[in-house]
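Peer 1: If you scroll down you'll find the structure; I have some questions about it.
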Amino acid sequence: MTSAETGPVRVTVWGENRHEQSEAHVAKIYPDGMHAAIADGIRENLGDGCIVRTATLDDPEHGLTEDVLAQTDVLTWWGHAAHADVADEVVERVHRHVLSGMGLVVLHSGHWSKIFTTLMGTTCTLRWRSAHDRELVWTVDPTHPIARGIPHPLVIEEDEMYGEFFDIPTPDELVFISSFTGGEVFRSGCTFRRGHGKIFYFRPGDQDYPTYHHRDVRKVIANGVSWARSDRQARDHPTLLRYDTGDFFNGQGYRGPHQ
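With full-length UniProt numbering applied, the sequence shown corresponds to residues 1 to 259, in that order.
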């Protein structure tokens, strides 16, 4: 299973796609689904440098079969109303692929998804308010590839507020923080490494607002996809091996504690 790092980045955009089906105002903002808008933004920014497919909760196996994941360099994830409906066996499959080197970009309320909480090992809870807040996304690491070409600050005229405390592990890198009209601040662009995989969490994107049509938000997500792609030659799961003294290269498979 190669990473195909020399060709176009292969992206699977996963969306829950429940609000769009049940709430008229969301369907008006995203007539083809939020996942379609996110996918369009990645194509818009990466052009021929990407191959993008979409998958949703109601697809067989949520559209995340073993074959799909094997052919995915980076998976983006948006969920909100139906985290509990995601099958545990699919979560385990995605988890295994992330540890083996697949990139993961988690968006907005995906902070409470099974896959993100599993990878973080914490509750991933926070404070929130949905009241048409203006959000200023401040770049705190202008040297980071995800911040390339992003204005400082990135202004989102209205979106849901997220505030600290955000119960996540200390990020490996903090790229963005957000401030809101109520004075709240939030770590809104964080990177993590788990196993051989790279993870980017980006806060903006409540379903009630047209955030995924925002030019700069789309640019951040595309930058995150490019960053999260592995540069390893092959996708492989971290493995426990036994090595004989003096042999640094020929590990033996683990056969139990008494072997």
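Just so it is clear, CB atoms sit at the ideal spot from N, CA and C, and this is done for glycine as well.
1) Could you say if the segment 154-165 and the segment 204-217 meet the contact criterion of at least three C-beta pairs nearer than 8 Å?
2) My output table needs one value for T2: the three-state DSSP class, helix, strand or coil.
3) Mind pulling the beta strand (DSSP E) runs of 3 or more residues that sit fully within the segment 161-232?
4) Can you name the residues that DSSP bridges to G121?
5) When you compare only the Cα positions, how much space is there between I42 and F176?
6) Would you give the residue range spanned by the alpha helix (DSSP H) that G41 belongs to?
7) Do three or more CB pairs link the segment 148-157 to the segment 113-131 at distances below 8 Å?
8) If you draw a straight line from the C-alpha of F186 to the C-alpha of R10, how long is it?
9) Would F200 and A234 be called neighbours here (beta carbons separated by less than 9 Å)?
10) What separation, rounded to the nearest whole angstrom, lies between the Cα atoms of S130 and A81?
11) If you follow the beta strand (DSSP E) that R129 is part of, which residue opens it and which one closes it?
12) Name, in chain order, the residues that DSSP records as bridge partners for L154.
13) Throw me the rounded Cβ distance for the R194 and L99 pair, which I believe falls under 8 Å.
14) Cβ of W78 within 9 Å of Cβ of E16?
15) May I ask you to report which of helix, strand or coil DSSP gives Q252?
16) Within a Cβ cutoff of 8 Å, which residues of the same chain sit near A4, ignoring the five residues on either side of it in sequence?
17) For A24, does the count of other Cβ atoms within 10 angstroms reach 16, so buried, or fall short, so exposed?
18) What are the residues that DSSP puts in a beta bridge with residue 265?
19) Measure the C-alpha to C-alpha separation of C190 and E173 and round it to an integer number of angstroms.
20) By how many angstroms is the C-alpha of H19 removed from the C-alpha of V26?
21) So, under 8 Å CB-CB, residue 278 and W112 are touching, yes? Tell me the CB distance rounded to an integer number of Å.
22) Figure out for me which residue from G224, P142 and Q71 has the closest Cα to the Cα of I51.
23) Give me the residue from P60, D32, A39 and G47 with the minimum Cα distance to T12.
Peer 2: Looking at the coordinates:
1) yes
2) Counted from its first residue, the sequence shown places residue 2 at position 2. Summary for T2: the model assigns pLDDT 46, below 50, so the residue's position carries little reliability; its value from the coordinates is reported in the next sentence. If DSSP states are grouped into helix, strand and coil, T2 belongs with the strands.
3) 173-180, 185-194 and 197-202
4) On the sequence shown, residue 121 is found 121 positions in, with the first residue counted as 1. Bridge partners of G121: none, in fact.
5) To locate residue 42, count along the sequence shown from 1; it is residue 42. To locate residue 176, count along the sequence shown from 1; it is residue 176. So the alpha carbons of these two residues sit roughly 19 Å apart.
6) Counted from its first residue, the sequence shown places residue 41 at position 41. Element bounds for G41: M34 to L46.
7) no
8) Indexing the sequence shown from 1 puts residue 186 at position 186. Indexing the sequence shown from 1 puts residue 10 at position 10. Straight-line Cα distance between these residues: approximately 30 Å.
9) Reading the sequence shown from its first residue, position 200 is the one you call residue 200. Reading the sequence shown from its first residue, position 234 is the one you call residue 234. Cβ distance not < 9 Å, so F200 and A234 don't count as in contact.
10) If you number the sequence shown from 1, residue 130 lands on position 130. If you number the sequence shown from 1, residue 81 lands on position 81. Cα-Cα distance, rounded: 15 Å.
11) As a first step, residue 129 is located in the sequence shown; it is residue number 129 there, counting from the start. Note, R129: beta strand (DSSP E), R127 to T139.
12) Against the sequence shown, residue 154 aligns to sequence position 154. V137.
13) Along the sequence shown, read from residue 1 onward, the residue named residue 194 stands at position 194. Along the sequence shown, read from residue 1 onward, the residue named residue 99 stands at position 99. Sure, about 6 Å apart at Cβ, within 8 Å.
14) Taking the sequence shown and counting its residues from 1, the one referred to as residue 78 is at position 78. Taking the sequence shown and counting its residues from 1, the one referred to as residue 16 is at position 16. Taking 9 Å as the Cβ cut-off, W78 and E16 qualify as a contacting pair.
15) Position 252 of the sequence shown, counted from the first residue, corresponds to residue 252. Three-state result, Q252: strand.
16) Taking the sequence shown and counting its residues from 1, one reaches residue 4 at position 4. Any reading at A4 is ruled out, since the residue's pLDDT is 48, under 50, leaving its predicted position unreliable.
17) On the sequence shown, position 24 is the one that residue 24 refers to. A24 is exposed by the Cβ-count criterion.
18) There is simply no residue 265 to check, as the chain begins at 1 and stops at 259 in what is shown.
19) As a working note, residue 190 is residue 190 in the sequence shown. As a working note, residue 173 is residue 173 in the sequence shown. Taking the straight line joining both Cα atoms gives about 6 Å.
20) If you number the sequence shown from 1, residue 26 lands on position 26. If you number the sequence shown from 1, residue 19 lands on position 19. Roughly 6 Å separates the two Cα atoms.
21) Since the first residue of the chain shown is 1 and the last is 259, residue 278 is not available in this structure.
22) Here the question's residue 51 lines up with position 51 in the sequence shown. The candidate whose alpha carbon is nearest that of I51 is Q71.
23) Here residue 12 is taken as the residue at index 12 of the sequence shown, counted from 1. Looking at the Cα atoms, A39 is the closest of the given residues.
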